[in-house]
Amino acid sequence: MTALRYLVPGALLTLVVACIPPCLAQNMSSSELRNMSAADFQRHVDEEGAQQFVRRLIKDIDPHSPEEPNYDIVLEHVAEGSNGWLHVAAAIAPYTDATFSQGIRVAIADALVVNPTGVLKMIGTEEHFDEACGYPFVRQTEKYMLQHKRDALAALDRVHQPALAARKESCRKSLMDLPTATASDANRPSTEARN
């Protein structure tokens, strides 16, 4: 009985110590996240595990809160295109819900314009990157889609690494094959049909 008396408090102490990194992640404010580097974010992912950290990151989102949802801040960081944030996106993407997952696809497509070399290197490492040269945007205007296509093609022109030549050409072909009219544009009657 005496040994049990020492084991129970020891087990509770171990449980409390194990809770420290997850508890810190749960209490992360949006301002902390906005100022966080990719390396700091990755450290949280490594300490807690990507699935658990993503769960805590998006938990208890209050739509009436004046603070921006944490996942929006992560998406902004990914869209900036640094290699560190691209690796973070690859680490957390498999554990995101449908909305966050779609946001990651869009952020990676935006990152292609800023850091085409970094995005091309990540193609094949995680399925969200495999769609970087597609068009993951939803509910965008034809003008926006055409501009993104032009910007992405111009960005690819800046890539001159022989090791990325095949991925670059595949990406260029995917971008060129994309329709720029949205589904809502396709359902809209043409001016000829109205006249």
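Heads up: the sequence shown is residues 1492 to 1686, going by our numbering. Quick reminder that beta carbons are idealized off the backbone N, C-alpha and C, glycines included.
Between the Cα of residue i and the Cα atoms of the options, which residue gives the shortest distance?
i, options, result
"residue 1564", "1585, 1578, 1594, 1586", "1594"
"residue 1637", "1669, 1549, 1521", "1669"
"residue 1543", "1529, 1572, 1582, 1619", "1582"
"residue 1525", "1632, 1656, 1562", "1562"
"residue 1527", "1576, 1546, 1572", "1576"
"residue 1613", "1646, 1642, 1655", "1655"
"residue 1531", "1568, 1560, 1549, 1546", "1568"
"residue 1618", "1648, 1571, 1580, 1607", "1580"
"residue 1607", "1626, 1578, 1648, 1641", "1648"
"residue 1605", "1620, 1587, 1573", "1573"
"residue 1601", "1546, 1611, 1587, 1623", "1623"
"residue 1611", "1645, 1520, 1560, 1657", "1657"
"residue 1549", "1570, 1597, 1519", "1519"
"residue 1591", "1645, 1529, 1662, 1560", "1560"
Can you tell me where the alpha helix (DSSP H) holding residue i begins and where it ends?
i, result
"residue 1606", "No alpha helix (DSSP H) holds residue 1606; DSSP gives it neither H nor E."
"residue 1575", "1574 to 1583"
"residue 1562", "1561 to 1570"
"residue 1549", "1541 to 1549"
"residue 1524", "1521 to 1525"
Using DSSP with H/G/I as helix, E/B as strand and the rest coil, what is residue i?
i, result
"residue 1652", "coil"
"residue 1631", "coil"
"residue 1636", "helix"
"residue 1616", "coil"
"residue 1660", "helix"
"residue 1669", "coil"
"residue 1592", "helix"
"residue 1646", "helix"
"residue 1529", "helix"
"residue 1586", "helix"
"residue 1512", "Low confidence applies here, because residue 1512 scores a pLDDT of 45, under 50, leaving its location unreliable; read the following figure in that light. Three-state DSSP puts residue 1512 in a helix."
"residue 1623", "coil"
Any idea if residue i is buried or exposed, counting beta-carbon neighbours within 10 angstroms, 16 or more meaning buried?
i, result
"residue 1773", "Since the first and last residues shown for the chain are 1492 and 1686, residue 1773 lies out of range."
"residue 1615", "exposed"
"residue 1653", "exposed"
"residue 1667", "exposed"
"residue 1632", "exposed"
"residue 1651", "exposed"
"residue 1539", "buried"
"residue 1446", "Since the first residue shown for the chain is 1492 and the last is 1686, residue 1446 is missing from the structure and cannot be characterised."
"residue 1589", "exposed"
"residue 1635", "exposed"
"residue 1659", "buried"
"residue 1643", "buried"
"residue 1534", "exposed"
"residue 1516", "For residue 1516, the pLDDT reaches just 42, beneath the cut-off of 50, and the residue's location in the model is therefore unreliable, although a value from the coordinates is still provided. The residue is buried, with at least 16 neighbouring Cβ atoms inside 10 Å."
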